[in-house]
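Right, one structure below, let's go through it.
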Amino acid sequence: MFGHDKLLCNTFRLRQLRSIIVGNMLTHLCASGIPIAAIARWMARIV
Numbered sequence: 085m086f087g088h089d090k091l092l093c094n095t096f097r098l099r100q101l102r103s104i105i106v107g108n109m110l111t112h113l114c115a116s117g118i119p120i121a122a123i124a125r126w127m128a129r130i131v
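Each residue of the sequence shown is one higher than the one before, starting from 85 at the first, in the numbering used here.
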């Protein structure tokens with residue numbers, strides 16, 4: 085049971101980290117002037 089909780093916690097942490105990275109990337113790309121639609125299509129392919 086404890087192992088499962090630990091795994092769940094790690095998964096959540098990874099997901100949180102990924103969302104932060106993605107957010108930073110999107111902000112950076114927006115600043116570069118790349119259209120959001122292109123990013124959204126690219127993200128859809130990855131996820």
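Every residue, glycine too, gets a C-beta built ideally from N, C-alpha and C.
This one's a predicted model, so the numbers in the text were calculated from it and none came from an experiment.
8 Å contact criterion, which residue i and residue j should meet: CB distance rounded
i, j, result
"Leu-110", "Ile-130", "Leu-110 to Ile-130, Cβ: 13 Å. No contact."
Three-state class that DSSP yields for residue i in the structure shown
i, result
"Gly-117", "coil"
Residue closest to residue i, alpha-carbon to alpha-carbon, out of the options
i, options, result
"Met-127", "His-112, Val-106, Gly-117, Ser-116", "Val-106"
Exposure label - residue i; buried when at least 16 CB within 10 Å
i, result
"Pro-119", "exposed"
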